[in-house]
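S.K.: Quick note: to get our numbering, add 1 to the position in the sequence shown (first position is 1).
Just so you know, even glycine gets a beta-carbon here, dropped at the ideal spot from N, CA and C.
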Amino acid sequence: LHRTSRLETPPPPGPAPRRSGARRSRRGLLTLVAAVLLVLGVGGGVWYINSGQFTQVPPVLGKTEEQARTRLDGAGLKVKGVEHAYSDTVRRGTIISTDPKVGARIRSHDAVRLTLSDGPETVRVPDLKGMALDKARARLKKEGLEPGMVSREFSDDVDKGSVIGTEPGAGTDRRAGSAIALTVSKGRPVDVPDVTGEDLDQARSDLADAGLKVKVAAERVNSEDDAGQVARQSPGAGGRAAEGDTITLTVSKGPEMVEVPDVTGDSVDDAKKTLEDAGFKVDEDRGLLGLFGDTVKKQSVDGGDRAPKGSTITLTIR
């Protein structure tokens, strides 16, 4: 008998190892995906903490309140409240400023305060009639206005130096800082009497009776009036002055004495020109004998003598 040995056949090598490798591959892929998700999650969280929960205040300056609210809502922001302020440059009813400022970093869903323009600040012109000028000016400044030009006119019912009215008138609204013109009373009007040619004392009395004061000029002048009489006045006769105004009087020191030229023997025309050039007036005395004559035979004031300038020299013609 022969014994036969049995050889054991080893198991096939392939399939089992392949299943083990696939499991490892799937496990690695899952690990990679988990790592990516973790990184994304952490990154997103960091982004949200650092930036995602913030936004910027949008540009709303110059917009209406409704437009500003719409823009803020679009940016995820609310309106905290609306304040009002005067502005010389921003149109009434539009946004002057925001708090926080436009462009500022702010948390999403936070609130922004708006300031709305009421336009330029206006002030009502006060009634200043009858008020003394200095007090009227002070009142205007107190109200936020500036005293402007001052004009003066006569008034029967407003005392001298007090305000008659303003331009613009009382009760008018004007921008703060505007200049207000003032019309001030010169007092009750007085017709200035003519006192030229009067003695100084008489002139003083006449002017006082008219409610006027007198100032006498320091320098006296030559005039046709006698010395001590009024030669000139300012304002002149017939003008209007306010009661209590001052009239300046210039007193005469008498006529200026001028040497009379000798014109005897001259022709009438030459004699007249010579005398008039010297400041004299000329009259002619021809009589019957001088009707056709043309020569000066005599003069009323001899040549070389002195006579008041402006006085008349009579020439006898033959």
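In the DSSP assignment, what are the bridge partners of residue 181?
M.R.: On the sequence shown, residue 181 is found 180 positions in, with the first residue counted as 1. In DSSP, residue 181 forms a bridge with 148.
S.K.: Quick one: Cα of residue 283 to Cα of residue 227, how far?
M.R.: Sequence index remark: in the sequence shown, residue 283 carries index 282 (1-based). Sequence index remark: in the sequence shown, residue 227 carries index 226 (1-based). Spanning the two alpha carbons is a distance of roughly 21 Å.
S.K.: CA-CA distance, residue 116 and residue 61?
M.R.: In the sequence shown, the residue the question calls residue 116 occupies position 115. In the sequence shown, the residue the question calls residue 61 occupies position 60. Cα to Cα, residue 116 sits roughly 11 Å from residue 61.
S.K.: Taking DSSP's pairing of strands, which residues face residue 85 in a bridge?
M.R.: Here residue 85 is taken as the residue at index 84 of the sequence shown, counted from 1. For residue 85, which the question treats as bridged, DSSP gives the partners 117.
S.K.: To the nearest angstrom, how far is it from the Cα of residue 194 to the Cα of residue 319?
M.R.: Indexing the sequence shown from 1 puts residue 194 at position 193. Indexing the sequence shown from 1 puts residue 319 at position 318. In a straight line, the C-alpha of residue 194 is about 48 Å away from that of residue 319.
S.K.: Taking DSSP as the reference, what is the three-state secondary structure of residue 64?
M.R.: Translated into the one-based positions of the sequence shown, residue 64 becomes position 63. Here residue 64 sits in coil by DSSP.
S.K.: What does the Cβ neighbour count give for residue 151, buried or exposed, with the cut at 16 atoms within 10 Å?
M.R.: Numbered from its first residue, the sequence shown carries residue 151 at position 150. It is exposed - the Cβ of residue 151 has fewer than 16 other Cβ atoms within 10 Å.
S.K.: Quick check on the DSSP output: what are the complete alpha helix (DSSP H) runs of length 4 or more inside the stretch 152-234, in order along the chain?
M.R.: For the alpha helix (DSSP H) assignment, the uninterrupted runs of no fewer than 4 residues enclosed by the stretch 152-234 are, from N- to C-terminal side, 201-210.
S.K.: Please report the straight-line C-alpha distance between residue 321 and residue 196, rounded to a whole angstrom.
M.R.: This structure leaves residue 321 out entirely; the chain is present only between 2 and 319.
S.K.: Which residue's Cα is closest to the Cα of residue 134: 105, 181 and 123?
M.R.: Translated into the one-based positions of the sequence shown, residue 134 becomes position 133. Checking every option, the nearest Cα to that of residue 134 belongs to 181.
S.K.: Between which residues of its own chain and residue 128 is the CB-CB distance below 7 Å, once the five residues before and five after are set aside?
M.R.: Counted from its first residue, the sequence shown places residue 128 at position 127. Only residues of its own chain outside the window of five on either side were considered, and among them 171 have a CB closer than 7 Å to the CB of residue 128, listed in chain order.
S.K.: Could you tell me the alpha carbon to alpha carbon distance between residue 221 and residue 148, rounded to whole angstroms?
M.R.: Working through the sequence shown from its first residue, we reach residue 221 at position 220. Working through the sequence shown from its first residue, we reach residue 148 at position 147. Each residue's Cα considered, the two are about 42 Å apart.
S.K.: What is the rounded straight-line gap between the Cα of residue 179 and the Cα of residue 186?
M.R.: As a first step, residue 179 is located in the sequence shown; it is residue number 178 there, counting from the start. As a first step, residue 186 is located in the sequence shown; it is residue number 185 there, counting from the start. Those two C-alpha atoms are separated by around 23 Å.
S.K.: Going along the chain, which residues of its own chain have a beta-carbon closer than 6 Å to the beta-carbon of residue 46, five neighbours each way excluded?
M.R.: Here the question's residue 46 lines up with position 45 in the sequence shown. Summary for residue 46: the model assigns pLDDT 49, below 50, so the residue's position carries little reliability; its value from the coordinates is reported in the next sentence. In its own chain, leaving out the 5 sequence neighbours on each side, no residue places its CB closer than 6 Å to the CB of residue 46.
S.K.: Does residue 281 pass the burial test, meaning 16 or more other C-beta atoms within 10 Å, or should it be called exposed?
M.R.: Residue mapping note: residue 281 aligns to position 280 of the sequence shown, counting from 1. Classification of residue 281: buried, given that the 10 Å Cβ count is 16 or more.
S.K.: Considering only their Cβ atoms, is the gap separating residue 130 from residue 166 smaller than 8 Å?
M.R.: Against the sequence shown, residue 166 aligns to sequence position 165. Against the sequence shown, residue 130 aligns to sequence position 129. A contact, by the Cβ cut-off of 8 Å.
S.K.: Hey, could you find the ends of the beta strand (DSSP E) residue 299 is sitting in?
M.R.: Start at 1 with the first residue of the sequence shown, and residue 299 comes out as number 298. Counting along the chain, the beta strand (DSSP E) containing residue 299 begins and ends at 297-300.
S.K.: Throw me the rounded Cβ distance for the residue 63 and residue 87 pair, which I believe falls under 8 Å.
M.R.: Taking the sequence shown and counting its residues from 1, one reaches residue 63 at position 62. Taking the sequence shown and counting its residues from 1, one reaches residue 87 at position 86. That pair is no contact at about 16 Å.
S.K.: With burial defined as no fewer than 16 other Cβ atoms inside 10 Å of the residue's Cβ, what is the status of residue 77: buried or exposed?
M.R.: Locating residue 77 in the sequence shown gives position 76, counting from the first residue. Exposed, since its Cβ has fewer than 16 Cβ neighbours within 10 Å.
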